[in-house]
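Since the structure comes first, as structure tokens, the remarks are kept for the end.
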Amino acid sequence: MVQGTTKYDILERYFGYPSFREGQEILIDAVLAGQDVLGIMPTGAGKSICYQVPALMLPGITVVISPLISLMKDQVSALNQAGIHAAYINSSLTENQISKAMYYAANGRYKIIYVAPERLETPAFMAFAENADICMVTVDEAHCISQWGQDFRPSYLKIVQFIKQMPKRPIISAFTATATEAVKEDIQCVLGLSEPKVLVTGFNRENLYFAVENIRKKDAYVLDYVAGHKNESGIIYCATRKNVDAVFERLAAEGIAVTKYHAGLGNVERQQNQEDFIYERSLVMVATNAFGMGIDKSNVRYVIHYNMPQSIENYYQEAGRAGRDGEPSECILLYSAQDLVINRFLLNSKEENPDFTPEEARAVRERDEERLQSIVHYCLTKNCLREYILRYFGEQGMGACESCSNCRKEFEELDVTEEARKIAACVGEMKQRYGALKDLTEPAIKEIMEQMMLDGFLCKTKDKYALVKVTEKGREFLENGGKIFLKKVKEEIVEGASAADT
Ligand code: ADP
């Protein structure tokens with residue numbers, strides 16, 4: 184690298200961009216200072232720049248570990264076109280090509296080398312790593328190392344061994360779009376990151392409007408919505424094939440240009456329907472979550488979830504297919520209590536990974552249940568929906584967004600401190616003595632309890648019994664006092680009624 188070249192020069196000269204995006208610079212600076220980093224950003228946010236720019240500035244070679252062969256190819260040809268010496272080594276190459284690439288790598292021809300994790304333990308690659316000046320190891324799709332995540336790849340564990348065997352510990356930079364606390368911790372712990380700079384950023388999608396509709400008559404809502412958005416392209420996600428078929432029939436009966444997609448359809452039909460949607464022969468797609476991976480249709484104006492999905496991760500990924508072009512688009516989740524029943528059923532019938540010990544399988548079930556609770560809370564919260572999602576992913580929200588259904592509703596706050604105190608006391612005593620609550624209707628008790636869980640005063644135990652417990656915060660509330668409010672949409676409050684009657 185030419186002396187005095189700055190990260191800005193590199194960004195402009197090789198990548199053609201005038202400035203960094205949010206978060207990129209912080210991670211790049213950390214790497215250049217020799218610190219490990221963990222960058223958590225959604226797909227499309229620009230993670231590659233975060234390791235490619237420092238790779239060109241650091242003195243040695245950067246090895247990038249990536250599970251996706253097609254992605255490696257694209258990245259390397261883009262780098263080559265920009266005049267950067269880079270190569271990939273994976274099973275799509277012949278033995279001959281691999282030997283050649285290894286030879287060039289050993290002679291220091293490449294600044295950046297992409298490899299699949301399986302490659303790390305081959306003798307040829309190990310020999311190369313022992314002699315080459317590898318200054319950074321970058322782990323792309325780093326969540327694949329977490330046994331609790333949905334995408335665990337055992338081959339990712341080879342990375343740990345590989346790094347241990349290197350003569351000099353390189354800087355480790357890890358990147359992923361999966362941001363839950365559990366996965367984040369796993370990545371840091373398993374990869375052995377040392378005091379890393381952890382940055383979560385870019386999850387906000389400003390052009391998306393978020394709404395939760397707590398309704399029973401979902402069909403009527405969908406028909407109405409689609410009719411009101413006649414010339415717009417949209418996706419309606421359902422939890423089951425049966426729901427997909429039913430919603431599809433309802434819309435088709437109204438003469439709407441609709442198509443459908445789920446794993447029960449044959450390959451040919453699925454392919455055909457997908458293309459009909461992409462080329463806008465059909466404007467509306469009704470589908471299960473089998474639809475969407477790798478589909479890049481930029482002008483999807485709305486994504487409606489007919490059923491609540493199983494996690495915020497799934498929801499945000501699916502809802503995020505709206506508005507890729509940056510234009511205003513809507514993400515609407517239709518919630519009814521029945522959705523929780525459907526999802527519990529789907530989770531219970533999920534096939535267990537046969538490689539897991541009973542202990543591990545139990546931990547996976549617990550995490551699934553936690554994820555489910557988080558999306559239920561999303562459906563029930565009266566606070567900013569965007570803020571809720573961003574916080575879930577570990578990003579600092581910016582307070583009320585004014586662009587979600589909760590921020591746009593007018594709420595009035597009802598002081599339910601007294602009722603909450605009685606509930607906490609009852610739960611605390613664990614004697615099922617609900618006598619103190621005799622003035623409250625069951626729905627009112629439930630509603631206050633939900634709010635107390637959202638606020639962290641109560642929690643459910645993680646075992647299959649899901650018992651309600653008073654948290655530390657709840658005990659403090661009982662001992663030292665405090666206030667709890669319920670937010671009510673203004674028209675819901677009947678004049679003169681107390682929380683007990685609403
Ligand atoms: P990710 O790996 O996070 O999914 P990529 O690294 O593939 O995202 O980047 C997504 C897109 O954003 C690419 O087209 C990339 O060239 C572009 N991009 C990244 N950083 C910048 C930047 N600073 N300015 C403009 N475009 C950028």
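Using this note's numbering, the first residue of the sequence shown is number 184, and each one after it goes up by one.
Even glycine gets a Cβ: it sits at the ideal position worked out from N, Cα and C.
Given the structure is predicted, the values throughout are model-derived calculations rather than measurements.
Assignment of Asn-397 by DSSP, reduced to helix, strand and coil, places it in the strand class.
Under the three-state reduction of DSSP, Ile-667 is assigned to coil, being neither helix nor strand. Remark: C-beta atoms of Leu-516 and His-560 do not approach each other more closely than 7 Å. One Cα belongs to Phe-474, the other to Ile-418, and the distance between them is close to 10 Å.
Looking from the CA of Ser-481, the closest CA among Ile-223, Glu-510, Val-610 and Ile-252 belongs to Glu-510. Under DSSP, Gly-417 forms a beta bridge with Val-467 and Tyr-485.
In the DSSP assignment, Phe-358 falls within the beta strand (DSSP E) that extends over 354-359.
Considering only Gly-266, Leu-523, Leu-241 and Leu-276, the residue with the shortest C-alpha distance to Met-255 is Leu-276.
A direct Cα-Cα distance of roughly 33 Å separates Ala-289 from Gly-206. Rounded to whole angstroms, Asn-531 and Met-632 show a C-alpha spacing of 25 Å. Per DSSP, the continuous alpha helix (DSSP H) segment holding Asp-551 begins and ends at 541-563. Under DSSP, Ile-232 takes part in no beta bridge, so it has no partner. Separation of Met-491 and Asn-589 (C-alpha to C-alpha, rounded to the nearest whole angstrom) is 17 Å. Taking C-beta separations shorter than 6 Å and ignoring five residues to either side along the sequence, the partners of Lys-656 in its chain run Gly-639 and Phe-640, following chain order. Residue nearest to Ser-519 within the set Ile-558, Arg-550 and Asn-263 is Ile-558 (criterion: CA-CA distance). The stretch 260-268 makes no contact with the stretch 204-218: fewer than 3 CB pairs, one atom from each, lie closer than 8 Å.
Within the DSSP secondary-structure output, Ile-248 pairs in a beta bridge with Val-298 and Val-322.
Leaving aside the five residues that flank Gly-506 on each side, the residues in its chain whose CB is nearer than 6 Å to its CB run, in chain order, Asn-390, Leu-391 and Ser-512. The beta-bridge partner set that DSSP reports for Val-220 consists of Ser-356 and Lys-380. Annotation for Phe-386 indicates a beta carbon at 6 Å or more from all heavy atoms of ligand 1.
Between ligand 1 and the CB of Arg-504, the shortest heavy atom gap is not smaller than 6 Å. Beyond the five residues adjoining it in sequence on each side, Glu-415 comes within less than 6 Å, by CB distance, of Arg-484 in the same chain, given in chain order. It is roughly 10 Å from the alpha-carbon of Thr-226 to the alpha-carbon of Gly-503. When only Cα atoms are considered, Leu-637 and Tyr-462 end up about 43 Å apart.
When DSSP states are grouped into helix, strand and coil, Leu-517 belongs to the strand group. Between Ala-360 and Leu-374 a beta carbon distance of about 17 Å is seen, past the 8 Å cut, so the two are scored as non-contacting.
Look at Thr-564: its beta carbon is at least 6 Å from all of the heavy atoms in ligand 1. Taking the Cα positions, Ala-213 is about 10 Å away from Leu-221. When distances are taken from the beta-carbon of Gly-417 to the heavy atoms of ligand 1, even the shortest one reaches 6 Å or more. Taking 8 Å as the upper bound for CB-CB distance, Val-599 and Phe-660 are not in contact here, some 12 Å apart.
In terms of Cα proximity to Arg-554, the closest of Ala-269, Val-467, Gln-457 and Ala-362 is Ala-362.
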